[in-house]
Amino acid sequence: MSEIDKLYTAVLGLEAPWRVERVETQLDAGEVHVWVALPKGERWVCPECLTVAPIHDHQDRQWRHLDTCQFKTVIHARVPRLNCPTHGIRQLAVPWGEPGSQFTAMFEALAIDWLKQASVSAVAKYLRISWDEAAGIQGRAVRRGLARREAVAPRFVGIDETAFQKRHEYVTVVSDLERGIVLDVADDRKQTSLDGFWQRLTPEQRTSIEGVAMDMWGPYIQSTREHLPGADAKIVFDKFHVAQHLNVAVDLVRRSEHRRLLADGFSPLSRTKYDWLKHPGTTTHAEKCALAELRGRVERLGRAWALKETAMAIFDLKAPWAADRNFKTWLFGAMRSKLEPIKHVARMLQRHWGQLRNYFVHRITNAGSESMNARIQRVKARSCGFRNRKRFRDAIFFHCGGLDLYPAGVSRGQ
Ligand SMILES: [Zn+2]
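Its first residue numbered 1145, the sequence shown is counted upward by one per residue in my numbering.
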């Protein structure tokens, strides 16, 4: 064996019976091609059942490997296809790559490391592979990770929708609130979007679920009631969604007051949209004073804002009975407020109070899955959108699934 053959045997980590047959450097192209071969006359085993099977034919295959000395490195081999009496024609497994991949396991692991940090297009460019190849590595990593994932019984799950590309196109994301990982991603936000998740759980897993945080969204409620035993005591309508609904109501009041005032000649509400939606804990003293002044000047909006704040303060209470009492008082005030958007939310909260109240028992919120939503939005921003939902789903699982993504035999720290 020549020195360069020895070198590449070491570089590729080749073990018997595989050996380097020849190495060809193409200096102009900046490429190294390594032919590896098996000894003739040996007997091989089917990769499925590990029983000896006769050779059917050979296939010329190639794999992109890690660059060596900045040379693009490609492994070539004639791989026997075996005729297993049980499994039919099966290609002999090669130790450096997974079946069907055109990349060695080490190359895929490198690409996975990079995909964790950068967009698919950036990784494709850096590794000199096509966009589809980089996305293919990501998709395979996710399938591998999902296949390896052990069945766990989450105690608290969060269900949320997240927008996919265009407005009004959604995926439903189910996450494990305790572990902070995505459990399921399904198209749309219909009842059937969630049914699949419940149906894949065993009866034991379903029973072990103690709480489910979600928005007051009919299809999710319906699906959960149909599949989860004792659902009414487990569903927790999330206080962040309550804040969202109330913020929309306050903004509707702001807009109508703004229009009314403008019609009379002047509105102090121009460019104040976000001042009304801020959490009071995050505003400066000057901002608080400015808002207080505006509240005095635009009385209806001031009342809408105060009703939002008092509703949210209920969630700071400790005891369920205190929450019941304060909610009753709040509801009375909200229904007499003559503010239609607020009354609309108040009726919704009244209808769902049973499950809103569960918060005081389980103390779970989608804070976990809201920040999951934020993580997903970051994934989306980084990739500049997705061609289709499958790619979006792959990216969510890749970045937020807590999966073991690497090819077998290549271990990496998560
Ligand atoms: Zn077999």
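Using N, Cα and C, we set each Cβ at its ideal position, and we do this for glycine too.
In this text the structure is predicted, and so the values were computed from the model without any measurement.
Separation of L1372 from M1492, as counted between CA atoms | Their Cα atoms are separated by approximately 23 Å.
For L1396 and R1404, the rounded distance between their alpha carbons = In this structure, the straight-line span from the alpha carbon of R1404 to that of L1396 is close to 12 Å.
Considering only residues of the segment 1423-1457, which uninterrupted alpha helix (DSSP H) runs meet the minimum length of 4 residues and lie entirely inside it, listed in chain order?
-> Runs of the alpha helix (DSSP H) spanning 4 or more residues and lying entirely within the segment 1423-1457 occur at 1429-1441, in chain order.
H1563: beta carbon under 8 Å from a heavy atom of ligand 1?
-> It is not possible to answer for residue 1563, since the shown part of the chain is limited to 1145 through 1558.
DSSP three-state assignment for G1557, whether helix, strand or coil | Note that G1557 has pLDDT 48, beneath the 50 cutoff, so the model's placement of it is unreliable and no number is given.
Taking the CB atoms as reference points, tell me whether K1422 and Y1503 lie closer together than 9 Å.
-> No, Cβ-Cβ distance for K1422 and Y1503 is not below 9 Å.
Can you find a heavy atom of ligand 1 that lies under 8 Å from the Cβ of T1316?
-> Not one heavy atom of ligand 1 sits closer than 8 Å to the Cβ of T1316.
Distance between R1501 and A1448 (C-alpha atoms, nearest Å) | Approximately 22 Å between the Cα atoms of the pair.
Could you give the residue range of the alpha helix (DSSP H) that holds L1388?
-> Sequence inspection shows Gln at residue 1388; the Leu mentioned does not correspond to that position. For Q1388, the enclosing alpha helix (DSSP H) stretches over residues K1383 to A1407.
How many Å lie between M1145 and R1292 at the Cα?
-> If I take the Cα positions, the gap works out to 40 Å.
E1192 beta carbon near ligand 1 (any heavy atom closer than 8 Å) = Within the cutoff, so yes.
Can you check DSSP and say which residues form a bridge with N1227?
-> N1227 pairs with I1233.
Which residues does DSSP pair with S1319 in a beta bridge?
-> Partner(s): G1302 and V1326.
So the beta strand (DSSP E) T1169 belongs to, where does it begin and stop?
-> It spans R1163 to Q1170 - the beta strand (DSSP E) in which T1169 sits, taken as one unbroken run.
Identify, in the order they occur along the chain, each residue of the same chain with its Cβ nearer than 8 Å to the Cβ of S1263, setting aside the five sequence neighbours on each side.
-> When the five nearest sequence neighbours on each side are left out, the beta carbons in the same chain lying within less than 8 Å of the beta carbon of S1263 are those of R1526, S1527 and C1528, in order along the chain.
What are the residues that DSSP puts in a beta bridge with M1358?
-> M1358 is bridged to F1381.
Note down, in chain order, each residue of its chain lying with its Cβ closer than 7 Å to the Cβ of N1470, except the 5 sequence neighbours on either side.
-> Around N1470: I1458 and L1461.
Leaving out five residues before and five after V1394 in sequence, what residues of the same chain have Cβ atoms less than 6 Å from its Cβ?
-> For V1394, the CB contacts under 6 Å within the same chain, skipping 5 residues up- and downstream, are W1420, A1448, W1449 and K1452 in chain order.
Whole-number beta carbon distance between L1338 and T1306, since they are thought to touch under 8 Å | So it is not a contact: roughly 14 Å between Cβ atoms.
If you pair each beta-carbon of the segment 1481-1492 with each one of the segment 1409-1416, do three or more pairs fall below 8 Å?
-> Short answer: they don't touch.
In whole angstroms, what is the alpha-carbon distance linking R1225 and D1201?
-> Whole-angstrom Cα-Cα distance: 5 Å.
Rounded straight-line distance, which links the Cα of V1329 to that of I1540 = In this structure, the CA atom of I1540 is about 8 Å from the CA atom of V1329.
Nearest-angstrom beta carbon gap, Q1235 and V1218 [assumed within contact, 8 Å] | The Cβ separation is near 18 Å, so there is no contact.
Tell me where the alpha helix (DSSP H) around Q1499 begins and ends.
-> Start and end: W1497 to R1501.
Where the beta strand (DSSP E) containing I1199 begins and where it ends | Note, I1199: beta strand (DSSP E), I1199 to T1212.
Can you have a look at F1476 and say buried or exposed, based on whether 16 or more other CB atoms are within 10 angstroms of its CB?
-> Taking all protein chains shown into account, F1476 has fewer than 16 neighbouring C-beta atoms within 10 Å of its C-beta and is therefore exposed.
Thinking just about the alpha-carbon of each residue, which of L1549, R1287, H1402 and P1424 is nearest to the one in R1444?
-> Nearest Cα to R1444 within the set L1549, R1287, H1402 and P1424: H1402.
Report yes if the C-beta of C1544 is less than 8 Å from at least one heavy atom of ligand 1; otherwise report no.
-> Flag unset: Cβ of C1544 not near ligand 1.
Residue nearest to G1498 in terms of C-alpha spacing, selected from A1221, P1243 and W1465 | Nearest to G1498 by C-alpha distance, out of A1221, P1243 and W1465, is W1465.
Below 6 Å CB to CB, which residues in the same chain sit around Q1206 once its five sequence neighbours on both sides are set aside?
-> V1218 and H1220, listed in sequence order.
Who are the Cβ neighbours of G1355 in its own chain at under 6 Å, not counting the five residues just before and after it?
-> So the list reads F1300, K1378, V1380, H1506 and I1508, once near-sequence residues are dropped.
Applying the criterion that 16 or more other CB atoms from any shown protein chain within 10 Å of the CB defines a buried residue, is Q1170 buried or exposed?
-> By the neighbour-count rule (16 or more Cβ atoms within 10 Å), Q1170 is not buried but exposed.
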